[in-house]
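Peer 1: As you go down the protein sequences, you meet chains D and U in turn. Numbering (my numbering) for the first sequence: 1 to 176. Numbering (my numbering) for the second sequence: 177 to 293. For glycine and all other residues, C-beta sits at the position ideal for the given N, C-alpha and C. Dumping the structure here so I can ask a few things about it.
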Amino acid sequence: MTATVMSVTGTDVVFGAFAVVALGSALLVVSSRQLVHAALWLVVALGAVAGCYLVLGAEFVAWMQVLIYVGAVVVLVVFALMLTRAPIGRSDDLTTGNRWLALAVAAVIAVALVTMLIDGFREAYVPLRTDAVTTTGELGSSLFRFWILPFEALSVLLLSALVGAIVVSRPRDGTR
Amino acid sequence: MHLVLPLVAAAGLFSIGVYGVLARRNAILVLMSVELMLNGANLSLVAFDRWWADALHAGQSMAVFVITIGAAEIGLGLAIVLLLYRTRGAIAVDATLADVAVEHRRAPVDRASEPRP
Chain D
1 MTATVMSVTG TDVVFGAFAV VALGSALLVV SSRQLVHAAL WLVVALGAVA
51 GCYLVLGAEF VAWMQVLIYV GAVVVLVVFA LMLTRAPIGR SDDLTTGNRW
101 LALAVAAVIA VALVTMLIDG FREAYVPLRT DAVTTTGELG SSLFRFWILP
151 FEALSVLLLS ALVGAIVVSR PRDGTR
Chain U
177 MHLVLPLVAA AGLFSIGVYG VLARRNAILV LMSVELMLNG ANLSLVAFDR
227 WWADALHAGQ SMAVFVITIG AAEIGLGLAI VLLLYRTRGA IAVDATLADV
277 AVEHRRAPVD RASEPRP
């Protein structure tokens with residue numbers, strides 16, 4: 001599909017809106033002075049990324065993002081904040097003294113990545129047609145037909161992570 | 177859609193995550209920033225998959241795998257953070273041993289669940 005450089009379609013606008021929401025709330029995650037607010041902004045950021053996946057036509061990945069990240073990971077994070085007795089109000093010691101160095105490193109990485117990506121993929125165009133959406137059935141058959149070995153390896157990884165988390169967090173009072 | 181749009185968004189998410197990992201003091205906030213970095217990588221995977229129109233759907237499969245690894249990582253990471261809190265009473269990543277000792281005396285840690293030497 002040919003496209004002029006300046007052509008802006010409706011999907012561009014929707015994707016841009018989701019991306020702006022994701023980047024803005026991600027900035028709030030790393031800059032908020034309240035721990036619980038940072039966790040809640042993480043919900044907004046991950047949900048906006050799920051919207052980006054939907055616009056790109058990756059239906060299954062989008063719903064996995066909503067189920068696992070927004071549903072499970074953030075709940076885990078909030079539980080951990082609760083169990084470590086995180087302060088509810090503002091706390092001014094959430095960033096370390098090397099935040100300016102961190103800002104410099106992040107800025108260098110951002111500039112390098114964006115320059116390289118724009119330089120390399122300036123002409124690339126993704127034709128997003130409604131009949132080219134990857135449905136869950138297609139991705140599922142691809143997963144279980146071509147990617148079955150990494151899938152099974154990941155099942156073992158999840159099991160070992162689960163066992164490891166139980167072993168690590170077991171109380172050690174001698175009554176094992 | 178131009179491929180550059182999702183790629184720049186992914187690079188931005190990744191860089192914000194890098195800043196969070198390097199600058200945050202609370203270990204749980206560091207883990208949240210790691211999740212942001214993983215999401216940036218995932219977004220670029222899905223974008224490249226759509227651009228390539230891959231018949232095997234390699235990018236989207238990889239994105240699902242990365243989500244799984246992220247879930248395993250946050251589960252194990254938070255278990256380690258909770259263990260750290262239980263044994264030392266502080267989860268600041270830059271806490272020196274002296275700070276930890278002071279925090280440990282101040283914070284009412286559940287001593288009954290710890291081994292007696």
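With a threshold of 16 other CB atoms inside 10 Å of the CB of D:His-37, please say whether the residue is buried or exposed.
Peer 2: Exposed, by the Cβ-count rule.
Peer 1: Of all the residues that make up the stretch 105-125 of chain D, which are near chain U by a beta-carbon distance shorter than 8 Å?
Peer 2: For the stretch 105-125 of chain D, which is checked against every Cβ of chain U, the residues closer than 8 Å are Val-105, Ala-106, Ala-107, Ile-109, Ala-110, Leu-113, Val-114, Leu-117, Ile-118, Phe-121, Arg-122, Ala-124, Tyr-125.
Peer 1: Can you tell me whether DSSP reads U:His-233 as helix, strand or coil?
Peer 2: Three-state DSSP puts U:His-233 in coil, outside helix and strand.
Peer 1: Within the continuous alpha helix (DSSP H) that includes U:Val-269, where are the two ends?
Peer 2: Per DSSP, U:Val-269 belongs to no alpha helix (DSSP H) and is neither H nor E.
Peer 1: Taking the C-alpha atoms as reference points, what is the distance between D:Gly-16 and D:Ser-25?
Peer 2: Their backbone Cα atoms lie some 14 Å apart in a straight line.
Peer 1: Compute the Euclidean distance between the alpha carbons of U:Gly-246 and D:Glu-123, then round it to the nearest angstrom.
Peer 2: About 32 Å.
Peer 1: Check whether the Cβ of D:Gly-57 lies closer than 8 Å to any Cβ atom in chain U.
Peer 2: It does; some Cβ of chain U falls within 8 Å.
Peer 1: For D:Ala-124, does the three-state DSSP call read helix, strand or coil?
Peer 2: Reduced to three states, the DSSP call for D:Ala-124 is coil.
Peer 1: Assuming the contact rule is C-beta atoms closer than 8 Å, D:Phe-121 and U:Leu-183 should be a hit. Round their C-beta distance to whole Å, please.
Peer 2: About 6 Å; that satisfies the 8 Å criterion.
Peer 1: What does a CB cutoff of less than 8 Å around U:Leu-181 pick up in its chain, not counting 5 residues either side in sequence?
Peer 2: Answer for U:Leu-181: no residue qualifies.
Peer 1: How would you write the range of the alpha helix (DSSP H) that U:Ser-191 sits in, first residue to last?
Peer 2: Run containing U:Ser-191: 180-199, per the alpha helix (DSSP H) assignment.
Peer 1: Run down chain U in chain order and give the residues with a C-beta less than 7 Å from the C-beta of D:Gln-65.
Peer 2: Near D:Gln-65 (Cβ distances below 7 Å), the residues of chain U are Ile-243.
Peer 1: Can D:Ala-146 and U:Leu-232 be called in contact, C-beta distance under 8 Å?
Peer 2: It is worth fixing the name first, because residue 146 of chain D is Phe in this sequence and not Ala. Taking 8 Å as the Cβ cut-off, D:Phe-146 and U:Leu-232 qualify as a contacting pair.
Peer 1: Let me see if you follow: with CB-CB separation under 8 Å, is D:Phe-146 close to chain U or not?
Peer 2: Chain U contact via Cβ: present.
Peer 1: Please work out which residues of its chain come closer than 8 Å, Cβ to Cβ, to U:Arg-201, disregarding the five sequence neighbours upstream and downstream, and give them in chain order.
Peer 2: Ala-268, Val-269, Asp-270, listed in sequence order.
Peer 1: Could you check the C-alpha separation between D:Ala-104 and D:Arg-172 for me, to the nearest Å?
Peer 2: Each residue's Cα considered, the two are about 43 Å apart.
Peer 1: With burial defined as no fewer than 16 other Cβ atoms inside 10 Å of the residue's Cβ, what is the status of D:Leu-101: buried or exposed?
Peer 2: D:Leu-101 comes out exposed.
Peer 1: If we cut at 8 Å on Cβ distances, does D:Pro-87 have a partner in chain U?
Peer 2: Not an interface residue.
Peer 1: Do U:Leu-221 and D:Ala-45 have their beta-carbon atoms positioned less than 8 Å apart in this structure?
Peer 2: No; because the gap between Cβ atoms is not below 8 Å, this pair is not in contact.
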